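Below you'll find the structure, written out as structure tokens, and then a few comments.
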């Protein structure tokens, strides 16, 4: 299995608080992605990174920001959490540009009350 | 209409049966296609790529029909361990932001 970890694995937070999720990889892959998964919607891309300090928006980026200061770490921040951001968040990595051959982390289950 | 559509199922079949499901996509310029499987409360895992000529990996066969814009997954001699949700993934182009996941088809294999 690819070396990807996510932390925390579960989090409950209150509306209006900032939340940061961390993705850490040991594969030295260039591309990293953040997705959210909700019933009936499939996985939707929030942001992705194609290198250190190089990031771009995905389909559902509003309310989220990301940072990548090291190859191995990709952080997702919910600036002011809302109940609509209750979801399961997956990080993924891939070595090649824009490929859908991705390897996923175990996920973070976030509940915003 | 969603860009990638799958029958959500569930497909409930007996062990040993052959089962097939399709995934349709709306963008005719889509370039690459994949099947992932996702076990309950786990992360998606790449199952196989889908090539234009069709491809097989053990009991699994994937096919692409560009004219009708769908991909298919056939599972032969199904096992209990095949119970999972199968996600269809379409890459519109080589951009990371153009990867579209279907909502998945749930498969349940009964003894």
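Chains as they are written, first to last, in this note's numbering: chain A, 1 to 113; chain B, 1001 to 1111.
Ideal Cβ placement from N, Cα and C applies to all residues, glycine included.
As the structure is a prediction and not an experimental result, all values here were calculated from the model.
- Per the C-alpha coordinates, the member of 18/A, 111/A, 24/A, 103/A positioned closest to residue 1037/B is 103/A.
- Under the three-state reduction of DSSP output, residue 1028/B falls in the coil class, being neither helix nor strand.
- When only Cα atoms are considered, residue 67/A and residue 1108/B end up about 39 angstroms apart.
- A residue is called buried when at least 16 other Cβ atoms come within 10 angstroms of its Cβ; residue 1004/B meets this threshold and is buried.
- The Cβ-Cβ distance between residue 110/A and residue 19/A falls below 8 angstroms.
- Interface criterion met: the Cβ of residue 106/A is under 8 angstroms from a Cβ in chain B.
- Taking 8 angstroms as the CB threshold, residue 1009/B stays off the interface with chain A.
- Scanning chain B for C-beta atoms nearer than 7 angstroms to the C-beta of residue 100/A yields 1032, 1034, 1089, 1091, 1099, reported in chain order.
- Its Cα nearest to that of residue 41/A, the residue 1008/B stands out among 1032/B, 1008/B, 1015/B.
- With a contact defined as Cβ atoms closer than 8 angstroms, residue 90/A and residue 37/A qualify at about 6 angstroms.
- Restricting attention to beta strand (DSSP E) runs no shorter than 3 residues, the segment 5-57 of chain A encloses them at 10-13, 19-25, 31-38, 42-51, 54-57, ordered along the chain.
- In the DSSP assignment, the residues bridged to residue 1006/B are 1023/B.
- Annotation for residue 1051/B: no beta strand (DSSP E) segment contains it, and DSSP assigns it neither H nor E.
- Residues of the segment 63-77 of chain A with a C-beta atom less than 8 angstroms from some C-beta of chain B do not occur.
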